[in-house]
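Notes follow the structure.
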Amino acid sequence: MRYIFLIFALFFSACSIKNYEQTQTKIIIIKSPQIKFADLGYIRNSDDAIELELFSAGTSIQKISINYLICVNEGCMSKSNFNEEYLNKTYPSDILQNILLSRSIYDGKNMIKAQDGFLQKIKNKDVDITYRVTSNVTFFKDKKNKIIFKIKDTK
Numbered sequence: 001m002r003y004i005f006l007i008f009a010l011f012f013s014a015c016s017i018k019n020y021e022q023t024q025t026k027i028i029i030i031k032s033p034q035i036k037f038a039d040l041g042y043i044r045n046s047d048d049a050i051e052l053e054l055f056s057a058g059t060s061i062q063k064i065s066i067n068y069l070i071c072v073n074e075g076c077m078s079k080s081n082f083n084e085e086y087l088n089k090t091y092p093s094d095i096l097q098n099i100l101l102s103r104s105i106y107d108g109k110n111m112i113k114a115q116d117g118f119l120q121k122i123k124n125k126d127v128d129i130t131y132r133v134t135s136n137v138t139f140f141k142d143k144k145n146k147i148i149f150k151i152k153d154t155k
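Note that my numbering gives residue 28 to position 28 of the sequence shown, counting from 1, and the numbers run on in steps of one.
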């Protein structure tokens, strides 16, 4: 009976196996109240899904899959619930996906285009964000909430 339940769960899980079109190896640094990580990782994506797989000493320690839900090793949740639990509840629901794909955040608010990317500074009562994207580095820092993402090419 256990095996039937396991098979059923695997086939109907919201975090089912995806075929990703692109895979990139990156140096990833994440610092938040819930996640602390600095090592290599893979960012895999297709048109409708993205996956971040984090490694430490060559062993996969965490997978974060994003489609209409965000799935982590502990289970799946809505994007807003993920932000509330792991990042900040006031963030837009698509912020993690946009950071991982080096896209603008907050609908491009305060964007200053640069030669090889862009810069956004967003400050209000809930956040103090500096977000910089260049050709080989994506850097997100929220001073108010003590959250940092740095994603750098391995080359």
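Note that the Cβ used here is the ideal one computed from N, Cα and C, for glycine as well.
Next item on the list: Could you check how far apart the C-beta atoms of THR59 and TYR42 are, in whole angstroms? I think they sit under 8 Å.
Entry: Not really, about 13 Å apart at Cβ, beyond 8 Å.
Note to self: Quick check on LYS113: does DSSP put it in helix, strand or coil?
What the structure shows: In the structure shown, LYS113 sits in a strand (DSSP, three-state: E or B).
Checklist line | Same chain, Cβ closer than 6 Å to GLY117, five either side skipped, listed in chain order | finding: Around GLY117: VAL133, THR134.
Next item on the list: Check the C-beta distance from GLN120 over to LYS109 and give it rounded, since I have them as a contact under 8 Å.
Entry: Indeed, because the Cβ distance is near 7 Å, the residues count as touching under 8 Å.
Checklist line | Through-space distance from ASP153 to GLN115, alpha-carbon basis | finding: Here the alpha carbon of GLN115 sits roughly 18 Å from the alpha carbon of ASP153.
Notebook entry, point to check: Buried or exposed: where does GLU51 fall if 16 or more other Cβ atoms within 10 Å of its Cβ makes it buried?
Noted result: Residue environment for GLU51: buried (at least 16 other C-beta atoms within 10 angstroms of its C-beta).
Margin query: Comparing C-alpha positions only, which one of LYS36, ILE151, ASP39 sits nearest to ILE159?
Written below: This structure cannot settle anything about residue 159, because the visible part of the chain is limited to 1 through 155.
Check: For PHE118, which residues does DSSP report across the bridge?
Finding: The partner list for PHE118 (beta bridge, DSSP) reads LYS113, VAL133.
Checklist line | Which of helix, strand or coil DSSP assigns to LYS79 | finding: Look at LYS79 here: in three-state DSSP terms it is helix.
Next item on the list: Go through its chain and collect everything with a Cβ distance to ASP128's Cβ below 7 Å, but skip five positions before and after it.
Entry: So the qualifying residues of the chain are ASP142, LYS143, LYS144.
Item checked: ILE61 beta carbon less than 9 Å from that of PHE37 -> Closer than 9 Å, so yes.
Check: Roughly how far, in whole angstroms, is the beta-carbon of ILE64 from the beta-carbon of VAL72, given that I think they are within contact range, below 8 Å?
Finding: About 5 Å separates the two Cβ atoms, so the contact holds.
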